[in-house]
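**Q** Residue numbers for the sequence shown follow my numbering, so the first one is 1 and each next one is one higher.
Note that CB positions come from ideal geometry on N, CA and C, so glycine has one too.
Keep in mind it's a predicted model, so treat the numbers as computed, not measured.
Here you go, one structure.
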Amino acid sequence: VQALCKLLIQNSETLASLEFLHCKLSPSFVEGICRSLCSKRKRIHKIENLSIDISSFIENCPSSVVVELVSFLSSGRSLCSLKLRHCHLDRDFGRMVFSSLLEASSSLSILDLSGNSIGGWLSKYDRSGPLFSLGAGKSLQSLRLLNLRGNNLCKADARDLGSALVHIPNLEILDISDNTIEDDGIRSLIPYFVQASERCNPLVELYLENCELSGRGVSQLLDTLSTLRRPPTSLSIADNNLGRFCANSG
């Protein structure tokens, strides 16, 4: 760890991308990496792309690691892409990531949290909740891609996501495939789709694969999309049991 930290310190001014693949990350390792990349004087770093893929934390994230990661994300003035995929992250970690990025009004353009178990991560982002109030006036203006594929989300999470997406006004690509949001979940997102179609930068790609949608739910979605001024140009609803209803309704 010390050798790697020394190398990172030496290259902290020029290093733009950092990727960890198939790694087991200890608290001391995470803390050392975060501190090595941040300027001691300004407490900011120049990393543009950070990816932790198919990896895991040796221990459940202790408070010291959470604090260090929050500080790291908040000080990423150049951070454009954050990918934390298949890392065994839970809803508290997911909530921490979203909250810290939102509070910092991050310039992030890609956020990929796919393959984790973060169901309930936005449960406090309903319009009357404290976290929603905390984010008042804050937004992720630069975020264009949000990947939540395979995150163990349910229909309640879809409803909460609709509230949180208010803070992402320029989102172009949304992937919530491989989550059991069901028909009720997709219905709760329809108001967001309507609102997004009126933006200067509307939603362009929408992925709803394997979401346990029925033909009735998809038909209602398609009916809504067909009335929008600027509907998504790409829609994937593969691997849902649509039955006969969708075919007959066409």
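According to the neighbour-count rule (16 or more other Cβ atoms, all chains shown, within 10 Å of its Cβ), is Arg159 buried or exposed?
**A** Flag for Arg159 reads buried.
**Q** For Gly150 and Ser106, which I take to be in contact (beta-carbon distance under 8 angstroms), what is that distance rounded to the nearest angstrom?
**A** About 23 angstroms separates the two Cβ atoms, so there is no contact after all.
**Q** Looking only at DSSP bridge pairs, what is Phe20 linked to?
**A** For Phe20, which the question treats as bridged, DSSP gives the partners Ile52.
**Q** Would you mind sorting Val1 into buried or exposed? The rule is 16 or more other CB atoms within 10 Å of its CB.
**A** By the neighbour-count rule (16 or more Cβ atoms within 10 Å), Val1 is not buried but exposed.
**Q** Thinking C-beta only, is Gly119 closer than 8 angstroms to Arg85?
**A** Their beta carbons are not under 8 angstroms apart, which means Arg85 does not touch Gly119 by this criterion.
**Q** Applying the criterion that 16 or more other CB atoms from any shown protein chain within 10 Å of the CB defines a buried residue, is Arg91 buried or exposed?
**A** Arg91 comes out buried.
**Q** Buried or exposed, going by whether 16 or more other CB atoms sit within 10 Å of the CB of Leu21?
**A** Result: exposed.
**Q** Comparing C-alpha positions only, which one of Ser226, Ile237, Pro191 sits nearest to Cys211?
**A** The shortest C-alpha separation from Cys211 is found at Ile237.
**Q** So, is Asp157 buried or exposed, given that buried needs 16 or more other C-beta atoms within 10 angstroms?
**A** It counts as buried.
**Q** Is it buried or exposed, Asn240, if we count other Cβ atoms within 10 angstroms and call 16 or more buried?
**A** Buried: at least 16 other Cβ atoms inside 10 Å.
**Q** Pull up the DSSP beta-bridge partners for Glu207, would you.
**A** Reading off the sequence shown, one finds Tyr at residue 207, where the question assumed Glu. DSSP output for Tyr207 lists Asp175, Ser236 as bridge partner(s).
**Q** In the structure shown, what three-state DSSP assignment does Pro130 receive?
**A** A caution first: Pro130 carries a pLDDT of 43, below 50, which makes its placement in the model unreliable, though a value can still be read off. In this structure, Pro130 counts as helix in the three-state DSSP scheme.
**Q** Leaving out five residues before and five after Val166 in sequence, what residues of the same chain have Cβ atoms less than 7 angstroms from its Cβ?
**A** Correct list: empty, nothing qualifies.
**Q** Does Asp239 have its Cβ less than 8 angstroms from a Cβ in chain C?
**A** Checking the listed chains, one finds no chain C in this structure; it contains a single protein chain.
**Q** With H, G and I counted as helix, E and B as strand and the rest as coil, what does DSSP make of Leu225?
**A** Three-state DSSP puts Leu225 in a helix.
**Q** On the DSSP letters alone, give me the boundaries of the beta strand (DSSP E) that Arg85 sits inside.
**A** Here the beta strand (DSSP E) through Arg85 covers 81 to 85.
**Q** Using a 10 Å radius around the Cβ and a threshold of 16 neighbouring Cβ atoms, would you call Gly243 buried or exposed?
**A** When all chains shown are included, Gly243 counts as exposed.
**Q** Comparing alpha-carbon positions, which option in Glu68, Thr233, Asn11 lies nearest Leu206?
**A** Of the candidates Glu68, Thr233, Asn11, the one whose C-alpha sits nearest the C-alpha of Leu206 is Thr233.
**Q** Would you report the Cα separation of Lys24 and Leu4, rounded to the nearest angstrom?
**A** So the alpha carbons of these two residues sit roughly 15 angstroms apart.
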